[in-house]
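Chemist: The numbering of the sequence shown is our numbering, which starts it at 313 and goes up by one.
Don't be surprised by glycine CBs; every beta carbon is placed ideally from N, CA and C.
If you scroll down you'll find the structure; I have some questions about it.
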Amino acid sequence: MDTTGTTPESNFTAAAKSTIALYSDLATGNGRIHERDRRFKRITKKPQRYVLSALGSLANRKSFASVETLCLFIGYPRSGHSLIGALLDAHPNAIIADELDALKYVQAGFSRNQLFYLLLRGSRQSASAGRQRTGYSYHVPGQWQGRFEELRVIGDKMGHASAIRLGAFPSLFDTLANGFNVKIKFLHVMRNPYDVISTMALRTKLSLASSCDLFFSSAEAVELIKQRSGETAVHDLRHEDFVANPKSALKAICAFLNLKEDDDYFDACARIVYQFPHKSRQKISWSPNLIDSVKQRMSRFSFLQDYSFDV
Numbered sequence: 313m314d315t316t317g318t319t320p321e322s323n324f325t326a327a328a329k330s331t332i333a334l335y336s337d338l339a340t341g342n343g344r345i346h347e348r349d350r351r352f353k354r355i356t357k358k359p360q361r362y363v364l365s366a367l368g369s370l371a372n373r374k375s376f377a378s379v380e381t382l383c384l385f386i387g388y389p390r391s392g393h394s395l396i397g398a399l400l401d402a403h404p405n406a407i408i409a410d411e412l413d414a415l416k417y418v419q420a421g422f423s424r425n426q427l428f429y430l431l432l433r434g435s436r437q438s439a440s441a442g443r444q445r446t447g448y449s450y451h452v453p454g455q456w457q458g459r460f461e462e463l464r465v466i467g468d469k470m471g472h473a474s475a476i477r478l479g480a481f482p483s484l485f486d487t488l489a490n491g492f493n494v495k496i497k498f499l500h501v502m503r504n505p506y507d508v509i510s511t512m513a514l515r516t517k518l519s520l521a522s523s524c525d526l527f528f529s530s531a532e533a534v535e536l537i538k539q540r541s542g543e544t545a546v547h548d549l550r551h552e553d554f555v556a557n558p559k560s561a562l563k564a565i566c567a568f569l570n571l572k573e574d575d576d577y578f579d580a581c582a583r584i585v586y587q588f589p590h591k592s593r594q595k596i597s598w599s600p601n602l603i604d605s606v607k608q609r610m611s612r613f614s615f616l617q618d619y620s621f622d623v
C-alpha cells in the first residue's frame, strides 16, 4: 500500500509539477491530477517485485543488520552521478545501486530490508554488465562492485528523481527517519549548470529553455532537502573538483559516510577517472539573454554561485 497517499497538486512546487508531468508523460489538466500522481509513483510488476524483495530480504537479513547508513544521491541529470556511484560501489563496505529510484519503493510501502535487497540486486546487475552508463564503463578492476565484505553503507545514485520526490513528498523524510533505523545521508553532486543544461538539451528533445527549468526544479528541491535535513546530512561535491583530485574528494566522501580509507581502493578508483570534465556548453549555441538568465537564477542558491559560463 502507498504510505504517502495521493498528494494534492497544491502541495507541489511549480517546478515539481512540471517535472512530475515529464516523468508521468501526462498533461497537466485538472482531471488528470490523481492519475499523474499515481503514474509518478507506479512500480512495474509491483506484486512480483514485492514477493522477490521479501524473499531476498530474508536471505540477506544478516548482511543488512550491519547497515549504518542509507545514502541517497540528490541533484541533477548529467552531473557525474554515475561515476561517483560506481566508485562508491567499489568500496568493500558499500553498495550503491545504479538508478533503482529507491524512494518510489519507500512510497509504495516496501520495508527497510526489501528496499536494501532491491538496492543490492541492482548493484549486482550493474556490476555484471560492466557498470555501463551512457556509453562509458565505470568498472573498477580488482575492487568490490556488486559485492561487499561487511555492508555498512547502502544507497542509490538516482539523484534527480530522489531530489524531486523529497521536494514533492516531504512526508518521505518522516518515513525514512521512523521506519529504516539507519542514518540518512545525501550526496549532492554538482556540475557547472551550463554544462548540465547543455547535455540535457543535447540528449533529449527538450529546448535549452526547458532544460533550464528542469535543472532549477532540482535546485529548488535540493534547497528544501538541505533545509529539512540539515547541512551535516548533506555532502556537497563539485564534479569539476572531483575530476581534478579524485583521491582527495573520494576520501572526503568516505569520511562523510564513515567508510574506512583504503589506499588500494583510492588508487584503483582514481585510475578510471578521466582527466578533464567535459564542457558540453561549448557544443550548443547559447544566447546572451539565456546565459544571463541562468546566472541570475543561480544566484538564488549558495551552492551554485561560484559557477559561470566562461570558466
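In the DSSP output, which residue or residues are listed as bridge partners for VAL465?
Modeler: Bridge partners of VAL465: THR381 and ALA406.
Chemist: Measure from the alpha carbon of TYR506 to the alpha carbon of each residue in ILE603, GLY397 and PHE615, then state which is nearest.
Modeler: Nearest of ILE603, GLY397 and PHE615 to TYR506, Cα basis: ILE603.
Chemist: Helix, strand or coil, according to DSSP, for GLY341 in the structure here?
Modeler: Only weak support is given to the placement of GLY341: the predicted model assigns it a pLDDT of 46, under 50, and the value that follows is read from those uncertain coordinates. Note: GLY341 maps to coil in three-state DSSP.
Chemist: Do ALA402 and LYS457 have their beta-carbon atoms positioned less than 8 Å apart in this structure?
Modeler: With the sequence shown as reference, residue 457 is identified as Gln, and Lys is not the correct amino acid for it. Yes, the pair counts as a contact, with Cβ atoms nearer than the cut-off.
Chemist: Roughly how many angstroms lie between the CA atoms of LEU549 and GLU573, to the nearest whole one?
Modeler: One C-alpha to the other measures close to 18 Å.
Chemist: Under 8 Å, with one C-beta from each stretch per pair, do the region 384–392 and the region 516–532 reach the 3-pair mark?
Modeler: Yes, since at least three Cβ pairs between the region 384–392 and the region 516–532 fall closer than 8 Å, the two stretches touch.
Chemist: Under the rule that 16 or more other beta-carbon atoms within 10 Å means buried, what is SER474, buried or exposed?
Modeler: Answer is buried; the Cβ neighbour count reaches 16.
Chemist: Quick check: the Cα distance between ALA561 and ARG593, rounded to an integer number of angstroms?
Modeler: Their backbone Cα atoms lie some 24 Å apart in a straight line.
Chemist: PHE485 lies in the alpha helix (DSSP H); which residues open and close that run?
Modeler: From DSSP, the alpha helix (DSSP H) with PHE485 extends over 483–491.
Chemist: Output yes or no for whether 8 Å exceeds the beta carbon distance between LEU571 and VAL465.
Modeler: Their beta carbons are under 8 Å apart, which means LEU571 touches VAL465 by this criterion.
Chemist: Among the residues of its own chain, which have a CB less than 7 Å from the CB of THR331, if the five just before and after it don't count?
Modeler: Unreliable positioning characterises THR331 in this predicted model, as indicated by a pLDDT of 49, which lies under 50. The coordinate reading is nonetheless provided below. Within the same chain, THR331 has close Cβ partners ILE476, LEU526 and SER529.
Chemist: Within this structure, are the beta carbons of PHE385 and MET502 separated by less than 8 Å?
Modeler: Against a cut-off of 8 Å, the Cβ pair of MET502 and PHE385 comes out as no contact.
Chemist: Is it right to say GLN455 is buried, meaning 16 or more other beta carbons lie within 10 angstroms of its own, or is it exposed?
Modeler: Buried.
Chemist: Inspect the beta-carbon positions of SER523 and ALA513 and report whether they are closer than 8 Å.
Modeler: Yes. Within cutoff.
Chemist: Return the CA-CA distance between MET610 and ASP410, expressed in angstroms with no decimal places.
Modeler: So the two alpha carbons sit approximately 28 Å from each other.
Chemist: By Cβ distance, which residues of its chain are closer than 6 Å to PHE485, with the 5 residues on each side in sequence left out?
Modeler: Same-chain partners within the cutoff: ARG540.
Chemist: Unbroken alpha helix (DSSP H) runs of length 4 or more, entirely within the region 495–576: which are they?
Modeler: Counting whole runs of 4 or more residues, the region 495–576 contains the alpha helix (DSSP H) stretches 505–515, 520–541, 551–556 and 558–569.
Chemist: When burial is assigned at 16 or more other CB atoms within 10 Å of the CB, is VAL623 buried or exposed?
Modeler: So VAL623 counts as exposed.
Chemist: Taking the alpha-carbon positions, what's the ARG545 to LEU569 distance?
Modeler: A small correction: the amino acid at residue 545 is Ala; Arg does not occupy that position in the sequence shown. Computed Cα separation, rounded: 10 Å.
Chemist: Taking CB distances under 8 Å as the criterion, tell me whether ALA406 reaches chain D.
Modeler: The chain inventory of the structure shown lacks chain D, comprising one protein chain alone.
Chemist: Are LEU367 and ILE407 closer than 8 Å when you measure CB to CB?
Modeler: Cβ atoms of LEU367 and ILE407: not closer than 8 Å.
Chemist: Among LYS607, ALA564 and TYR586, which residue has its Cα nearest to the Cα of LEU400?
Modeler: It is ALA564.
Chemist: Do LEU395 and TYR450 have their C-beta atoms closer together than 8 Å?
Modeler: Cβ atoms of LEU395 and TYR450: closer than 8 Å.
Chemist: To the nearest angstrom, how far is it from the Cα of SER605 to the Cα of PHE460?
Modeler: Taking the straight line joining both Cα atoms gives about 46 Å.
Chemist: Thinking C-alpha only, which one of VAL452, ASN490, LYS357 and SER620 is nearest ARG424?
Modeler: With distances taken between Cα atoms, ARG424 lies closest to ASN490.
Chemist: Within the same chain, show all residues whose beta-carbon is closer than 7 Å to that of PRO558, passing over the 5 residues directly before and after it, in chain order.
Modeler: Hits under 7 Å: CYS581, ALA582 and VAL585.
Chemist: Between the Cα of LYS358 and the Cα atoms of PHE615, PHE588, LEU478 and TYR417, which residue gives the shortest distance?
Modeler: Here the closest residue by C-alpha is TYR417.
Chemist: Just verifying my parser: in three-state terms, what is the DSSP assignment at TYR335?
Modeler: Below a pLDDT of 50, predicted positions are generally treated as unreliable, and TYR335, at 45, falls in that range; the measurement from the model is reported next regardless. In this structure, TYR335 counts as helix in the three-state DSSP scheme.
Chemist: For PRO600, which option in SER438, HIS551, SER620 and SER614 has the closest C-alpha, if you only look at C-alpha atoms?
Modeler: Considering only alpha carbons, the answer is SER620.
Chemist: Taking just the CA atoms, how far does GLY397 sit from ALA333?
Modeler: Unreliable positioning characterises ALA333 in this predicted model, as indicated by a pLDDT of 49, which lies under 50. A coordinate reading is not provided.
Chemist: Go ahead and pull the three-state DSSP assignment for GLN444.
Modeler: Strand.
Chemist: Near CYS616, which residues of its chain fall below 8 Å by C-beta distance, leaving aside the five closest residues on each side in sequence?
Modeler: This sequence places Leu at residue 616; Cys is not what is there. MET502, PRO505, ALA531 and MET610, listed in sequence order.
Chemist: Tell me whether PHE588 is buried or exposed, calling it buried when 16 or more other Cβ atoms sit within 10 Å of its Cβ.
Modeler: PHE588 is exposed by the Cβ-count criterion.
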